[in-house]
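Position 1 of the sequence shown, counted from 1, bears residue number 630 in our numbering, the numbering being contiguous throughout.
Beta carbons are placed, not taken as given, at the ideal position from N, Cα and C, and that holds for glycine.
Take a look at the structure set out below.
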Amino acid sequence: MKNRIIPYRKDLKEKARDLRKHSTLAEVLLWQEIKGKRIKGYQFHRQVPMLDYIVDFYCHELALAIE
């Protein structure tokens, strides 16, 4: 899925930033395990705006969203 841009609503960008600052304990613990390409070299991002939603974690290479 190389260079595929996923559209999103611009107004969700600020909300995603706020969610990153106020993560739940479960999100913090999962992030500690998957950040920094720790899972077989795949990069994940937190609180990613996609279309009309904000997904908790997303890996572009795998097209994998974790909610």
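> Taking buried to mean at least 16 other C-beta atoms within 10 Å of its own C-beta, is Arg675 buried or exposed?
Replying inline: Working through the sequence shown from its first residue, we reach residue 675 at position 46. Looking at its Cβ environment, which holds 16 or more other Cβ atoms inside 10 Å, Arg675 is buried.
> When you compare only the Cα positions, how much space is there between Gly665 and His689?
Replying inline: For the purposes of this step, residue 665 is identified with residue 36 of the sequence shown, where counting begins at 1. For the purposes of this step, residue 689 is identified with residue 60 of the sequence shown, where counting begins at 1. The straight-line gap from Cα to Cα measures roughly 14 Å.
> Identify the residues that DSSP records as bridge partners of His674: which are they?
Replying inline: The count along the sequence shown starts at 1 and reaches residue 674 at position 45. According to DSSP, which records beta bridges pairwise, His674 is partnered with Tyr687.
>> Just to confirm my understanding: we take Val684, look at its own chain, exclude 5 residues before and 5 after, and list those with CB closer than 6 Å. What are they?
In response: Counted from its first residue, the sequence shown places residue 684 at position 55. Excluding positions up to five away in sequence, the list reads Val677, Ala694 and Glu696.
> Any beta-carbon of chain D closer than 8 Å to the one on Phe673?
Replying inline: This model lacks chain D altogether, as it is built from one protein chain only.
>> Am I right that Met679 and Ile634 are in contact with their C-beta atoms under 8 Å? What's the rounded C-beta distance?
In response: Locating residue 679 in the sequence shown gives position 50, where the first residue counts as 1. Locating residue 634 in the sequence shown gives position 5, where the first residue counts as 1. Not confirmed; about 11 Å, so no contact.
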